[in-house]
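Protein chains in written order, with our numbering: chain W, 1 to 358; chain C, 1001 to 1358.
Where a beta carbon is used, it is the ideal one built from N, C-alpha and C, also for glycine.
Since the structure comes first, as structure tokens, the remarks are kept for the end.
Protein chains: 2
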Amino acid sequence: MIIRRKAREIMVGDVKIGGDAPVSIQSMAKVKTSDMKAVVSQIKALEACGCEIVRVAVKNMSDAAAIKEIKRKIRIPLVADIHFDYRLALKAIEGGADKIRLNPGNIRKREEVAAVVRAAKRARIPIRIGVNSGSVFTHDARRTTHNESALIKSALRYIKLFEEMEFRDIIVSLKSSDVVSTVEAYRMISGLCDYPLHLGVTASGSYDQGIVKSAIGIGGLLLDGIGDTIRVSLTGDPAEEVIAAKRILGALGLRKFGHEIISCPTCGRCQVDLMKIVEQLENAIHTTRDTRPDKPLTIAVMGCEVNGPGEAMVADIGLAAGKGQGALFKKGKIIKRVKEKDFVKEIMGLLKLAVGSR
Amino acid sequence: MIIRRKAREIMVGDVKIGGDAPVSIQSMAKVKTSDMKAVVSQIKALEACGCEIVRVAVKNMSDAAAIKEIKRKIRIPLVADIHFDYRLALKAIEGGADKIRLNPGNIRKREEVAAVVRAAKRARIPIRIGVNSGSVFTHDARRTTHNESALIKSALRYIKLFEEMEFRDIIVSLKSSDVVSTVEAYRMISGLCDYPLHLGVTASGSYDQGIVKSAIGIGGLLLDGIGDTIRVSLTGDPAEEVIAAKRILGALGLRKFGHEIISCPTCGRCQVDLMKIVEQLENAIHTTRDTRPDKPLTIAVMGCEVNGPGEAMVADIGLAAGKGQGALFKKGKIIKRVKEKDFVKEIMGLLKLAVGSR
């Protein structure tokens, strides 16, 4: 069982981060923020697939000015991503941004940071102190580094300034493109403050590599109870980031998003076409509206008698295959023998029954 | 930096596990072991993509008898997967298996286990004590469980028997289909013995879900230095398991398999088509023989000025994009400005130069 670190409660719009809130899922729009049609359409797609907080890049004043109208057209909280120019943050706050992300690596003047903190305080919105290995400064030089203590130092400098101004609506992130540095940095900061932590591995690459880096980095931290909100960064469609985030949280049992299929890798013992069966089952669940993913079940589909009965028994619905047929389990008991060609149909029947669909 | 747990050195054929050996990659054939043509062809495909140890299911005496001939036709060490019937292990050892996997959950009679240990000792091959949540017994009943202490107890019972027979050529695995239980179990056992640990999350499902569960479970343990050899279980082509295993080890810097691309997720700041560029670059690297994946480099391809220069600077080759063009970095220094259409060509040029290809 995962015992989560106790973090201060922060509200981002109507989404709670920290406290007893579930780990929330964030993503980021990847089109120009001032291109209203494109950005709203992308955010609506993200909302539809389960994104709970969305961020937009604020590169210039047109982007900052767009915040107000975007806010009117979307449902989930909107975060303004600010670099270099603190005035973009002020404009975004004016436009109704629900959170500001500031990068300590590229907004360094005390009075500029203070101006943003004052505005956020007045607007009652939080600020994420977003440190990134690509833009962190070492203490001695204008050089970037993946060293975790440089990431920490950068965050602590901002935290001290914020706290001096009695501003504690803070969320912290310490993303590195190196998985091990990312994990080390978050582990360190988790003991140094009680602010909620926004987890992510930065610049993790395209899907196949990025998902592995993110799952290890984000998942490895969550395993130890560290992390309150997550963003999977992938060079690709942001909807993939949300789906990957759901898979990470689901794998750890921290949240449930639809039914979970437990299936064995198969081996020379297997006497049914398990890969095809699992694929068909996934498709059937995915395309059937009335399987109620809001009432998630565990479905074990196992290829033989070694681990089949065991896994099938502890799942809500289980199927342990033998030669061309299998034993169908419901809540730990065998209810009948089923032919291979009927596996998917029978499981789907039990599934619909179990979730009380129409 | 990852500090690895010190594990006893065990040889599986010519592959060392534990000691100072790199974390090795295993997979399993998924066709009938007695179907010589199919099994050898699948193992050769696994060898070709980097599998270092391969396991086959031994369901019956025909499978056990096939070991001898399979051994003659493949290069990597061969492991016989034994359940229920200890005599299959004896036959596999006779056939020249390089390691035996025994499941304490389904071979429980002391004299039967002892017979296998004696034979392994004579043949000087190791035994993996392979506990699995689908077939572990609780101490009080014939019920399976995902409880990590049941997994541990099951392994310790075998370990005690093996040690009483002065047999210490042992590798241990404690796989659960639940990621958190898997991690907890391995963390516990890592302090209780010095035997090398074979990591895996069992029955993790098909590709997209299985890769996430495996990356968190296996990667989360490796982060803490736990684990000496890994097997990613996916309901799918075993070659995918090997590629996923490489990605996990690569992401943690424990091993390097080819060049690593660091690329940002892009956002509204990005003024080039980064997703397309990264895809083209991946394809170019993949299809060009002379980029020497045995001399792996880091290549950063970044979309803007926020983290672009920083990541490009620490990579071996870097490109930080601006509007329709970008700065090309080599070992931390900008060497020229490049137009967007030439990004891939220029990076590939530096890559071929750097690895000293023909």
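Checklist entry - How would you write the range of the alpha helix (DSSP H) that Q1042 (chain C) sits in, first residue to last? => result Secondary structure note for Q1042 (chain C): its alpha helix (DSSP H) is the uninterrupted segment 1036-1048.
Item to check | Amino acids of chain C, ordered along the chain, whose beta-carbon sits closer than 8 Å to that of D63 (chain W) | outcome: Going along chain C in sequence order, the residues near D63 (chain W) (Cβ under 8 Å) are G1268.
Checklist entry - By Cβ distance below 6 Å, which residues in the same chain neighbour E1241 (chain C) in space, the five residues on each side in sequence not counted? => result Within the same chain, E1241 (chain C) has close Cβ partners S1027, V1232, L1234.
Item to check | Burial state of E184 (chain W), where buried means 16 or more other Cβ atoms lie within 10 Å | outcome: So E184 (chain W) ends up on the buried side.
Next on the checklist: Can you confirm whether C1193 (chain C), when its beta carbon is compared against all beta carbons of chain W, has any partner nearer than 8 Å?
Outcome noted: False, the Cβ-Cβ gap to chain W never drops below 8 Å.
Next on the checklist: Let me confirm a value: E1166 (chain C) is counted as buried when at least 16 other C-beta atoms fall within 10 Å, else exposed. Which label applies?
Outcome noted: That one is exposed.
Next on the checklist: Need the endpoints of the beta strand (DSSP E) that K295 (chain W) sits in, please.
Outcome noted: Note, K295 (chain W): premise wrong, no beta strand (DSSP E); not H, not E.
Checklist entry - Taking just the CA atoms, how far does A155 (chain W) sit from D178 (chain W)? => result One C-alpha to the other measures close to 18 Å.
Checklist entry - Taking 8 Å as the CB-CB limit, is D1081 (chain C) close to chain W? => result Yes, contact with chain W.
Item to check | Identity of the residues DSSP links to E1260 (chain C) by a beta bridge | outcome: Paired residues: C:T1298.
Item to check | Where A29 (chain W) meets chain C, residues with beta-carbon distance less than 8 Å | outcome: For A29 (chain W), the chain C residues whose C-beta falls within less than 8 Å of its own C-beta are C1267, G1268, listed in chain order.
Next on the checklist: Quick check on this structure: which residue in W:E279, W:S206, W:I317 has the alpha carbon closest to the alpha carbon of M1275 (chain C)?
Outcome noted: Cα-wise, what sits closest to M1275 (chain C) is W:S206.
Checklist entry - Does the distance from the C-beta atom of K44 (chain W) to that of A38 (chain W) stay below 8 Å? => result The Cβ atoms of K44 (chain W) and A38 (chain W) lie no closer than 8 Å to each other.
Item to check | Neighbourhood of E1339 (chain C) by C-beta, 6 Å cutoff - its chain only, sequence neighbours within 5 removed | outcome: According to the sequence as given, residue 1339 (chain C) is Lys; it is not Glu. Annotation for K1339 (chain C): Q1325 place their beta carbon closer than 6 Å to its own, counting only its chain and skipping 5 residues before and after.
Checklist entry - Can you name the residues of chain W whose CB is closer than 9 Å to the CB of A1322 (chain C)? => result It is worth fixing the name first, because residue 1322 (chain C) is Gly in this sequence and not Ala. Going along chain W, no residue has its Cβ under 9 Å from G1322 (chain C), so there is no contact; the nearest lies around 12 Å.
Item to check | Which of helix, strand or coil DSSP assigns to K1109 (chain C) | outcome: K1109 (chain C) falls in the coil class under three-state DSSP.
Next on the checklist: Using only the alpha-carbon positions, how far apart do D140 (chain W) and K153 (chain W) sit?
Outcome noted: Unreliable positioning characterises D140 (chain W) in this predicted model, as indicated by a pLDDT of 42, which lies under 50. The coordinate reading is nonetheless provided below. Computed Cα separation, rounded: 12 Å.
Checklist entry - What do you get for E148 (chain W), buried or exposed, if any count of 16 or more other CB atoms within 10 angstroms of its CB means buried? => result Around the C-beta of E148 (chain W), 16 or more other C-beta atoms lie within 10 Å, and the residue is accordingly described as buried.
Next on the checklist: Let's test the definition: count the other Cβ atoms within 10 Å of the Cβ of T1287 (chain C) and tell me whether it reaches 16, buried, or not, exposed.
Outcome noted: T1287 (chain C) comes out exposed.
Item to check | Limits of the unbroken beta strand (DSSP E) element including I1230 (chain C) | outcome: Per DSSP, I1230 (chain C) belongs to the beta strand (DSSP E) from 1229-1231.
Checklist entry - For V233 (chain W) and chain C, any beta-carbon pair shorter than 8 Å? => result Contrary to the premise, residue 233 (chain W) reads as Ser rather than Val in this sequence. Chain C, which has a Cβ nearer than 8 Å to the Cβ of S233 (chain W), makes this yes.
Item to check | Burial state of R1358 (chain C), where buried means 16 or more other Cβ atoms lie within 10 Å | outcome: Caution is warranted here: a pLDDT of 42 is assigned to R1358 (chain C), below 50, making its placement in the model unreliable, and no coordinate value can be reported.
Item to check | Identified DSSP bridge partners for L78 (chain W) | outcome: For L78 (chain W), which the question treats as bridged, DSSP gives the partners W:V54.
Checklist entry - Would you say K1032 (chain C) faces chain W, with C-beta separation under 8 Å as the test? => result K1032 (chain C) counts as touching chain W.
Checklist entry - Under three-state DSSP, which class holds S1214 (chain C)? => result If DSSP states are grouped into helix, strand and coil, S1214 (chain C) belongs with the helices.
Checklist entry - Residues of chain C with CB under 7 Å from G253 (chain W), in chain order? => result Within chain C, the residues near G253 (chain W) are V1180.
Checklist entry - Is the Cβ of N283 (chain W) closer than 8 Å to any Cβ of chain C? => result No, because no Cβ of chain C sits closer than 8 Å to the Cβ of N283 (chain W).
Item to check | Cβ-based neighbour list, G1019 (chain C), same chain, cut-off 6 Å, excluding 5 preceding and 5 following | outcome: The beta carbon of G1019 (chain C) sits closer than 6 Å to those of E1009, all from its chain and outside the five residues before and after it, given in chain order.
Item to check | Under 7 Å from the C-beta of L274 (chain W): neighbouring residues of chain C | outcome: What L274 (chain W) touches in chain C: T1235.
Checklist entry - My guess is that L1221 (chain C) and L1254 (chain C) are in contact by the Cβ rule of under 8 Å, so how many angstroms apart are they, rounded? => result Separation of the CB atoms of L1221 (chain C) and L1254 (chain C) is rounded to 12 Å, and the pair is thereby denied contact status at 8 Å.
Next on the checklist: Pop quiz: A1021 (chain C) and V1058 (chain C) are said to be a contact at Cβ under 8 Å. What is the actual Cβ separation, rounded to whole angstroms?
Outcome noted: With 8 Å as the limit, A1021 (chain C) and V1058 (chain C) do not qualify as a contact, their Cβ atoms being about 26 Å apart.
Item to check | Whole-angstrom distance between V23 (chain W) and R5 (chain W), CA atom to CA atom | outcome: Distance between the alpha carbons of R5 (chain W) and V23 (chain W): 12 Å.
Item to check | Nearest-angstrom Cα separation, counted from A29 (chain W) out to C1267 (chain C) | outcome: In this structure, the CA atom of C1267 (chain C) is about 6 Å from the CA atom of A29 (chain W).
Checklist entry - Among W:A114, W:Y86, W:S34, W:V12, which has the Cα closest to the Cα of A97 (chain W)? => result Nearest in C-alpha terms to A97 (chain W), of all of W:A114, W:Y86, W:S34, W:V12, is W:V12.
Checklist entry - Comparing the C-beta of I375 (chain W) with each C-beta of chain C, is any distance below 8 Å? => result Residue 375 (chain W) is absent from the structure shown; chain W starts at 1 and stops at 358.
Item to check | Three-state secondary structure assigned by DSSP to G220 (chain W) | outcome: Assignment of G220 (chain W) by DSSP, reduced to helix, strand and coil, places it in the helix class.
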